[in-house]
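According to the numbering used here, the stretch in the sequence shown is residues 21 to 421, in order.
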Amino acid sequence: MSSLQSVALARVKPSATLAVSARARALQAEGRDIISLGAGEPDFDTPENIKAAAVAAIQANRTRYTDADGIPELKAAIAAKFARENGLTYATNQVHVAPGGKPVLYNALLATLSPGDQVIVPAPYWVSYPDMVLLAGGEPVEVVGQEADGFKLRPEVLEAAITPRTRWLILNSPSNPTGAAYTRAELEALAVVLRRHPHVWIMTDDMYEHLIYDGFDFVTMAQVAPDLYDRTLTVNGVSKAYSMTGWRIGYAAGPKPLIDLMRKVISQTTSNPCSISQWAAVEALNGPQDFIPERAAHFQRRRDLVVSMLNQAAGVTCARPEGAFYVYPSIAGLIGKTAPSGVTIDSDETFVTELLNAEGVSAVQGAAFGLSPYFRISYATSDALLEEACARIQRFCASLG
Ligand code: GLU
Numbered sequence: 021m022s023s024l025q026s027v028a029l030a031r032v033k034p035s036a037t038l039a040v041s042a043r044a045r046a047l048q049a050e051g052r053d054i055i056s057l058g059a060g061e062p063d064f065d066t067p068e069n070i071k072a073a074a075v076a077a078i079q080a081n082r083t084r085y086t087d088a089d090g091i092p093e094l095k096a097a098i099a100a101k102f103a104r105e106n107g108l109t110y111a112t113n114q115v116h117v118a119p120g121g122k123p124v125l126y127n128a129l130l131a132t133l134s135p136g137d138q139v140i141v142p143a144p145y146w147v148s149y150p151d152m153v154l155l156a157g158g159e160p161v162e163v164v165g166q167e168a169d170g171f172k173l174r175p176e177v178l179e180a181a182i183t184p185r186t187r188w189l190i191l192n193s194p195s196n197p198t199g200a201a202y203t204r205a206e207l208e209a210l211a212v213v214l215r216r217h218p219h220v221w222i223m224t225d226d227m228y229e230h231l232i233y234d235g236f237d238f239v240t241m242a243q244v245a246p247d248l249y250d251r252t253l254t255v256n257g258v259s260k261a262y263s264m265t266g267w268r269i270g271y272a273a274g275p276k277p278l279i280d281l282m283r284k285v286i287s288q289t290t291s292n293p294c295s296i297s298q299w300a301a302v303e304a305l306n307g308p309q310d311f312i313p314e315r316a317a318h319f320q321r322r323r324d325l326v327v328s329m330l331n332q333a334a335g336v337t338c339a340r341p342e343g344a345f346y347v348y349p350s351i352a353g354l355i356g357k358t359a360p361s362g363v364t365i366d367s368d369e370t371f372v373t374e375l376l377n378a379e380g381v382s383a384v385q386g387a388a389f390g391l392s393p394y395f396r397i398s399y400a401t402s403d404a405l406l407e408e409a410c411a412r413i414q415r416f417c418a419s420l421g
C-alpha cells in the first residue's frame with residue numbers, strides 16, 4: 021500500500037520548537053508545574069498603540085482580501101524602516117509580506133529551488149531552515165563553525181561548502197539558537213568569498229535585529245556589501261521586536277525579479293496575510309520605537325542572569341551571546357552520567373526529557389538545531405521564573421551521578 025505521506029514531506033521532521041512548547045502546554049493543562057523555556061517569544065504584551073491600530077482597522081472594515089503580498093501602506097512602512105534603520109533603499113515593489121517570517125523564507129525557497137539545488141545552512145541553525153529547504157525540493161548543506169566564536173560561519177568554511185549547485189547561503193544574525201551576532205568585519209570577510217561566486221544568493225534572517233546587547237552594532241549583508249544587494253534577500257518581521265508573534269507578519273526586501281517570483285507563490289498558496297495584522301504592523305513600524313531599547317535592556321539583564329546561573333550548574337558551560345533571547349549551553353560534561361530515575365544521559369535529547377520529568381523545566385535539545393550535545397533555553401520570560409528555572413537546572417545537574 022502506498023504511503024499517505026508525500027515523498028517531499030517524508031524528508032521533513034516536525035518542528036522541534038513547536039513540539040516542545042506544545043508538550044509544555046499539555047503538561048501545564050494537566051496541572052503540572054512547568055517552566056516553559058522552549059519556543060522563543062517575547063513575554064511582553066503587544067504595545068497599546070499597535071493594538072489600537074488593529075481595533076481601528078476592524079472598525080473601519082479593513083477586513084477583506086488585500087494584495088497577496090501585502091498592502092501598499094505596509095510595504096511603504098517596511099521600505100521606510102529599511103532606509104531608516106539599515107541604510108537600505110528598496111522600492112515598494114521590492115517588498116514581500118507574508119503570514120510570518122517562516123512563510124517569507126519558505127516562499128523564497130519554493131520560488132527558487134529546483135531538485136538538487138543546495139542551500140548552505142550554518143549549524144547550529146534555527147530548526148526550520150533545513151526542513152524548509154527539503155520541503156521546497158532542495159538539499160541543505162550544513163556547516164559547523166568554531167564554538168569559540170559562537171559557531172559563526174568563517175570565510176574558508178563558506179568557500180569549501182560552495183559548489184556549482186549552491187543556490188543560497190542562509191545567514192541568521194543574531195542567531196537562533198546561539199544568540200551570536202556577526203560584526204561588520206565578519207560579514208565583509210564572507211562578502212569577499214561571495215563575490216567570487218556570483219551564482220550564490222544570500223538570505224539574511226534578521227528577525228532578532230533589535231534584540232542586541234552591550235551596544236553591539238547590528239549590520240546586515242546588503243548594507244555591508246552593497247555590491248551583493250542584487251542577490252540578497254533581507255528578511256525580517258514584527259514578531260520579536262514588537263512582541264507580535266501571534267499576529268503573523270513577516271517581511272522581506274530584495275531584487276524585484278525574486279520578489280515577483282515570491283508573489284507568484286503566495287498568490288497560489290496562502291494569499292494575503294491577515295488584513296488586520298497588516299494594519300497593526302503599519303503602526304508598529306511607523307509609530308513610537310522607544311520601547312524597543314527598553315525591552316532589550318530587560319532581555320540583556322535576563323541574559324546575564326541566565327548565563328551566570330547556568331555556568332554554576334555542574335557540567336554545563338554557557339557562552340554569553342550578543343543578541344536574541346536564547347542561550348545554547350554545552351552539556352558535554354554531563355554525557356554518560358546517570359539521572360536519579362536510573363536513565364543514562366546519552367544525548368541532549370535524553371537530557372531535556374529527564375530535566376522536564378525531574379524538574380518541570382522545558383528546553384529544546386541541541387540535536388534539533390544540528391549540533392549536540394547542547395540545549396537551547398529561551399530567556400524571554402520573567403526574572404523570577406528564570407531564576408527558579410536555573411535553580412532547578414542546577415539541582416538537576418547536581419543530581420546526576
Ligand atoms: N522562532 C521561535 C523559536 O525558535 C518560534 C518557534 C518556531 O517557529 O520555531 O522558538
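Ideal Cβ positions, reconstructed from N, Cα and C, are used throughout, including at glycine.
Note to self: Just verifying my parser: in three-state terms, what is the DSSP assignment at Glu206?
What the structure shows: Helix, per DSSP.
Checklist line | Pair within 9 Å by beta-carbon distance, Thr265 and Pro393 | finding: At least 9 Å separates the beta-carbon of Thr265 from that of Pro393.
Checklist line | C-beta contact flag for Val381 and Ile78 at 9 Å | finding: Between Val381 and Ile78, the gap from beta carbon to beta carbon reaches 9 Å or more.
Notebook entry, point to check: What do you reckon, are the CB atoms on Tyr399 and Arg323 nearer than 9 Å?
Noted result: Yes.
Margin query: Check this for me: beta carbons of Val139 and Pro160, under 9 Å apart or not?
Written below: Cβ distance < 9 Å, so Val139 and Pro160 count as in contact.
Check: Rounded to a whole number of angstroms, what is the C-alpha to C-alpha distance between Pro439 and His217?
Finding: With the chain represented from 21 up to 421, any question about residue 439 goes unanswered, as that position is not in the structure.
Margin query: Quick check: does the Cβ of Gly421 come within less than 8 Å of any heavy atom belonging to the ligand GLU?
Written below: False, no ligand heavy atom lies under 8 Å from that Cβ.
Next item on the list: Return the CA-CA distance between Met152 and Pro123, expressed in angstroms with no decimal places.
Entry: Rounded to the nearest angstrom, the two C-alpha atoms are 10 Å apart.
Notebook entry, point to check: With burial defined as no fewer than 16 other Cβ atoms inside 10 Å of the residue's Cβ, what is the status of Leu189: buried or exposed?
Noted result: So Leu189 counts as buried.
Check: Anyone know if the C-beta pair for Gly257 and Gly120 falls short of 9 Å?
Finding: Contact: yes.
Next item on the list: Have a look at Gly386 and Arg412 and give me their C-alpha separation to the nearest angstrom.
Entry: Rounded to whole angstroms, the separation of the alpha carbons of Arg412 and Gly386 is 19 Å.
Next item on the list: Confirm, please, whether the CB-CB distance from Gly90 to Ile98 is below 9 Å.
Entry: Yes, they are a contact pair.
Item checked: Selected residue, minimal CA-CA separation from Ser297, among Gly270, Thr289, Arg204 and Thr370 -> Comparing Cα-Cα distances from Ser297 to each of Gly270, Thr289, Arg204 and Thr370, the minimum goes to Gly270.
Note to self: Taking only three categories from DSSP, how would you classify Glu342?
What the structure shows: Glu342 carries a coil assignment under DSSP once its states are collapsed to helix, strand and coil.
Margin query: Give me, in chain order, the residues of the same chain whose beta-carbon lies closer than 6 Å to that of Ile397; leave out the 5 immediate sequence neighbours on both sides.
Written below: Result list for Ile397: Leu57, Val347 and Ala383, in chain order.
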